[in-house]
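A.B. asks: Oh and the sequence shown: position 127 is 208 in my numbering, straight run, nothing missing.
In this text, a Cβ means the ideal position worked out from N, Cα and C, and glycines have one as well.
For clarity, every value in this text was computed on a predicted model and none was experimentally measured.
My structure is below; once you've seen it, I'll send some questions.
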Amino acid sequence: MARNAVNSITVRLLKPTKTPADAISATYGPGGARALKDQDWDGDGEGIVYYGQVYDTVPEWLSLLQGFVSDPFDALHSSGSAAILFLSVKQRWMALCFGYAHIALNEDAFVHQFGLKVALNTVRRGSLLSLDLATPDAVTFQRRVQASKLSDFSQFGVDTLRDLARVAGGKPEDDAFAKFVAGKDALSLDTPLTPSQFHSKCVEILNAFKSKAYKKDYAWFDNVKVETNPSRLRRLDRLLFQEIQTIRSGSNSLLHMSPPEIQNYVEGAALQYSGFNSRKPEFTKLSIEDYAAELNRLGCTHTIQEIKTSHKIRTENLKTGVIEPGWKVYDCLNWEATLPTPTPTNYVLFAGKWYKISKKFKDRVDEHFDSIEDFVVIGPTHCLNEEELIEDLLKNRSDLIKLDRTKINPEGVVAANLEPCDFYSNDKHFIHLKDGESSGPISHLWMQGVVSAEAFVADSEFRRKLKDTVAATKGGSAFVGTLPDGRKREVDRGEYTVVYGIMRHRYVDGTIGIPFFSKVSLMAACDRLRRTGMNVRKEIIEKLTPKPPVKKAKSKRPTIKAKKPTSSSNKVSVAP
82 MARNAVNSIT VRLLKPTKTP ADAISATYGP GGARALKDQD WDGDGEGIVY
132 YGQVYDTVPE WLSLLQGFVS DPFDALHSSG SAAILFLSVK QRWMALCFGY
182 AHIALNEDAF VHQFGLKVAL NTVRRGSLLS LDLATPDAVT FQRRVQASKL
232 SDFSQFGVDT LRDLARVAGG KPEDDAFAKF VAGKDALSLD TPLTPSQFHS
282 KCVEILNAFK SKAYKKDYAW FDNVKVETNP SRLRRLDRLL FQEIQTIRSG
332 SNSLLHMSPP EIQNYVEGAA LQYSGFNSRK PEFTKLSIED YAAELNRLGC
382 THTIQEIKTS HKIRTENLKT GVIEPGWKVY DCLNWEATLP TPTPTNYVLF
432 AGKWYKISKK FKDRVDEHFD SIEDFVVIGP THCLNEEELI EDLLKNRSDL
482 IKLDRTKINP EGVVAANLEP CDFYSNDKHF IHLKDGESSG PISHLWMQGV
532 VSAEAFVADS EFRRKLKDTV AATKGGSAFV GTLPDGRKRE VDRGEYTVVY
582 GIMRHRYVDG TIGIPFFSKV SLMAACDRLR RTGMNVRKEI IEKLTPKPPV
632 KKAKSKRPTI KAKKPTSSSN KVSVAP
């Protein structure tokens with residue numbers, strides 16, 4: 082490779098209304114504390130280059146070691162340089178980034194998912210090498226799946242109903258486009274290029290971005306799309322701000338925090354909230370409760386816009402001591418919300434973007450959820466949470482036997498500790514309960530029911546142990562006759578029902594339900610349950626306003642009063 086060429090480039094696309102000046106953050110823009118220099122581009126196409134040193138610091142670990150050596154260390158420092166080439170391409174600006182350019186960029190000026198879209202448009206489903214996925218829920222899961230050689234999409238274990246694609250990498254169908262591409266917001270291409278070819282390659286990349294080729298192999302990508310309407314985004318942010326205030330007041334919420342990208346936990350990191358005068362020692366993990374407590378401790382009155390722009394999370398790599406810019410707090414928030422008008426539309430907030438659930442996808446999920454027969458086993462309750470409900474049922478429902486926290490090992494398994502259900506009824510119902518407003522994902526409830534049902538149907542040893550467990554439980558004799566034992570190979574599957582009971586408050590509009598992505602995860606669980614031959618039912622258990630505590634009357638010392646003489650004039654007549 083000649084010295085005037087590169088083997089790879091990283092490219093970003095600016096939003097239609099943004100210019101190069103908008104794409105540089107205030108710190109590194111003109112007049113900023115670390116303002117980058119700029120020069121006109123003399124290569125092909127109209128362009129401008131920003132360049133300079135983006136950071137130069139003394140490592141924090143230096144002072145840690147200095148006091149334990151006889152000779153002071155030579156001057157050591159960590160530094161990083163960057164260059165950003167902006168090229169005008171078909172009336173759009175594109176940025177080619179070199180070095181530590183990402184530190185100097187204003188992320189809000191760039192098109193979200195640009196690199197991912199180009200990757201999906203150019204890489205066929207059989208030529209993938211890597212996928213980063215996120216599964217939104219009350220707890221957000223992120224994972225990276227990498228293949229040792231080019232593989233088909235079906236081999237990556239993607240749940241096309243639940244997973245959001247974050248990064249995709251593989252070999253493009255057109256060898257002339259690149260040897261390898263990987264994309265998220267930015268696009269990385271492995272292809273030999275000279276500076277004179279930068280502009281023409283950017284034309285190819287922009288054409289690839291505008292393509293609809295992804296619909297052939299990755300149609301599920303359209304299940305959720307980034308919302309761009311400013312009015313809707315403002316409304317969603319207002320709802321988010323209200324939810325943050327709810328948490329600050331001490332109430333439970335499904336709003337939670339997670340890193341917006343996959344982290345390297347092997348090296349470890351210390352976190353610190355900044356942007357609202359927080360100077361508290363570092364936290365070890367992201368937590369909405371910690372963040373809300375810091376806001377309360379400092380009496381923060383910032384608006385949602387100030388939270389979006391100013392509140393940051395700094396990260397320090399505990400292995401190298403390098404301080405990274407980290408993330409915006411807003412980018413770490415995960416939540417589901419619904420805009421009620423003009424028609425109810427579901428959204429999920431993840432990695433700083435609101436994703437709109439497509440109507441076609443939503444209708445499909447809702448139709449499945451509504452098709453699951455509603456069932457009343459528990460009914461409305463004044464109990465505050467799952468623990469209180471279980472205690473209440475234990476005391477007051479003789480037709481149910483508690484199996485919560487009862488652990489049974491299937492055949493050939495030593496430490497599976499499988500919980501058959503929370504309660505079993507004498508009507509042959511396996512009842513699984515969950516407080517749908519707790520911090521844990523409802524999807525755990527679905528899987529508890531699936532695993533239990535599969536063991537019950539397929540494992541005679543599990544059935545034998547279950548029956549023995551029920552027989553040994555207080556009051557269990559009334560239920561033993563409804564359970565098969567291990568001597569029968571087959572079970573009358575249609576006689577048994579898995580019942581999911583989810584505790585929820587009513588929404589503001591008076592309806593009651595569960596979060597959208599919890600419905601999505603239920604679809605896959607029901608597919609597995611139906612294959613067992615057992616029935617599936619659901620019960621949304623309404624959480625009523627808690628009853629006020631009964632006040633005990635204070636015992637008073639009796640007083641003796643003299644009787645007054647009665648007469649007909651002071652008698653009180655009582656109407657019948």
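#1: Determine, using beta carbons only, whether Leu270 and Ala257 come nearer to each other than 8 Å.
#2: Any idea if Ser330 is buried or exposed, counting beta-carbon neighbours within 10 angstroms, 16 or more meaning buried?
#3: When the Cα atoms are used, what is the spatial distance from Lys619 to Gln326?
#4: Let me know if Asn88 comes out buried or exposed under the rule of 16 or more other beta-carbons within 10 Å of its beta-carbon.
#5: Whose C-beta lies closer than 7 Å to the C-beta of Leu470 among residues of the same chain, with five residues either side of it excluded?
#6: Per DSSP, what kind of secondary structure is Pro101 in: helix, strand or coil?
#7: What ranges does the beta strand (DSSP E) occupy inside the segment 272-339, keeping only unbroken runs of at least 3 residues that lie completely in it?
#8: Return helix, strand or coil for Glu348, following the three-state DSSP convention.
#9: Is it buried or exposed for Phe191, if we count other Cβ within 10 angstroms and need 16 for buried?
#10: Buried or exposed, going by whether 16 or more other CB atoms sit within 10 Å of the CB of Leu474?
#11: Let me make sure I understand the geometry here. Which of Leu146, Leu367, Tyr132 and Glu141 has the alpha-carbon closest to that of Gly180?
#12: Report back the beta-carbon spacing between Val458 and Ser533 to the nearest angstrom; my notes put them in contact at under 8 Å.
#13: Using the three-state DSSP reduction, which class does Ala374 fall into: helix, strand or coil?
#14: State the Cα-Cα distance for the pair Tyr372 and Arg611, rounded to the nearest angstrom.
#15: Compare the C-alpha of Pro101 against each of Thr91, Glu141, Arg173 and Ser159 and name the closest.
#16: Counting only runs of 3+ residues fully inside the segment 171-196, write out the beta strand (DSSP E) ranges in chain order.
#17: Tell me, to the nearest whole angstrom, how far the beta carbon of Asp446 is from that of Tyr436; I am working on the premise that it is less than 8 Å.
#18: Using the rule of at least 16 other Cβ atoms within 10 Å of the residue's Cβ for burial, across every protein chain shown, is Ala215 buried or exposed?
#19: Cutting at 8 Å between CB atoms, please list the residues of its own chain near Asn466, excluding the five before and the five after it.
#20: Whether or not the segment 418-433 and the segment 471-491 are in contact is what I'm after, with contact meaning three or more pairs of Cβ atoms, one per stretch, closer than 8 Å; do they touch?
#21: My parser needs the alpha helix (DSSP H) runs of 4 or more residues fully inside the segment 557-589; what are they?
#22: Could you tell me the alpha carbon to alpha carbon distance between His183 and Asp189, rounded to whole angstroms?
#23: Rounded to a whole number of angstroms, what is the C-alpha to C-alpha distance between Phe598 and Phe511?
#24: Give the DSSP-derived three-state secondary structure of Gly133 in the structure shown.
#25: Do the CB positions of Gly264 and Ala249 come within less than 8 Å of each other?
#26: Per DSSP, what are the beta-bridge partners of Lys483 in this structure?
#27: Using 8 Å as the cut-off, can you tell me whether the segment 480-491 makes contact with the segment 554-562, which would need three or more C-beta pairs spanning the two stretches below that distance?
#28: From Pro276 to Gly124, what distance separates their C-alpha atoms?
#29: Please confirm if the segment 226-241 is in contact with the segment 162-177, defined as three or more CB-CB distances below 8 Å between the two stretches.
#30: How big is the Cα-Cα spacing for His449 and Leu420?
#31: Among Ala185, Gln147, Phe149 and Pro153, whose alpha-carbon lies nearest the alpha-carbon of Gly161?
#32: Comparing C-alpha positions only, which one of Ala86, Thr91 and Ile595 sits nearest to Pro273?
#33: Considering Cα atoms alone, identify which of Tyr136, Cys413, Arg378 and Met175 is closest to Leu352.
#34: Report yes or no: do the segment 105-124 and the segment 139-148 share at least 3 C-beta pairs separated by less than 8 Å?
#35: By the DSSP assignment, the alpha helix (DSSP H) with Ala215 in it spans what residues?
C.D. replies: By the coordinates alone:
#1: For Leu270 and Ala257, no; Cβs fall outside 8 Å.
#2: Note on Ser330: under 16 other CB atoms within 10 angstroms of its CB, so exposed under the neighbour-count rule.
#3: Using only the alpha carbons, I get a separation of about 32 Å.
#4: Taking every protein chain shown into account, the CB of Asn88 has fewer than 16 other CB atoms within 10 angstroms, so this residue is exposed.
#5: Excluding residues within five positions, the ones whose Cβ falls inside 7 Å are Thr462, Cys464, Leu514 and Met584.
#6: Assignment of Pro101 by DSSP, reduced to helix, strand and coil, places it in the helix class.
#7: For the segment 272-339, the continuous beta strand (DSSP E) assignments of 3+ residues that do not extend past its boundaries occur at 305-307, in sequence order.
#8: Confidence at Glu348 is low in this model, with a pLDDT of 47, below 50, so the placement of that residue should be treated as unreliable; the coordinate-derived value is given next. Three-state result, Glu348: coil.
#9: Buried: at least 16 other Cβ atoms inside 10 Å.
#10: Burial call: buried.
#11: When each option's Cα is compared against that of Gly180, the closest is Tyr132.
#12: Their Cβ separation, rounded to whole angstroms, is 16 Å, which puts Val458 and Ser533 out of contact at 8 Å.
#13: Helix at Ala374.
#14: The straight-line gap separating the alpha-carbon atoms of Tyr372 and Arg611 is approximately 42 Å.
#15: Pro101 has its Cα closest to that of Arg173, out of Thr91, Glu141, Arg173 and Ser159.
#16: As for any beta strand (DSSP E) of minimum length 3 sitting wholly inside the segment 171-196, the runs are 173-180, ordered along the chain.
#17: Reading off the sequence shown, one finds Val at residue 446, where the question assumed Asp. Rounded to whole angstroms, the Cβ separation of Val446 and Tyr436 is 14 Å, and the two are not in contact under 8 Å.
#18: Counting Cβ neighbours within 10 Å, Ala215 comes out buried, since at least 16 surround it.
#19: Hits under 8 Å: Asp516, Ser519 and Met584.
#20: Touching, no.
#21: When DSSP assignments are scanned along the segment 557-589, the uninterrupted stretches of alpha helix (DSSP H) that are 4 or more residues long and fall wholly within it turn out to be 558-561.
#22: C-alpha separation (whole angstroms): 12 Å.
#23: C-alpha separation (whole angstroms): 24 Å.
#24: Strand at Gly133.
#25: Yes, the Cβ-Cβ distance between Gly264 and Ala249 is below 8 Å.
#26: For Lys483, the beta-bridge partners assigned by DSSP are Phe504.
#27: Output reads yes: the segment 554-562 touches the segment 480-491.
#28: Those two C-alpha atoms are separated by around 7 Å.
#29: Flag = no, the segment 226-241 and the segment 162-177 do not touch.
#30: Distance between the alpha carbons of His449 and Leu420: 22 Å.
#31: Of the residues Ala185, Gln147, Phe149 and Pro153, the one whose Cα lies closest to the Cα of Gly161 is Ala185.
#32: When each option's Cα is compared against that of Pro273, the closest is Ala86.
#33: Of the candidates Tyr136, Cys413, Arg378 and Met175, the one whose C-alpha sits nearest the C-alpha of Leu352 is Cys413.
#34: Cβ pair count under 8 Å is below three, so no.
#35: That residue, Ala215, is in no alpha helix (DSSP H); its beta strand (DSSP E) goes Leu209 to Thr216.
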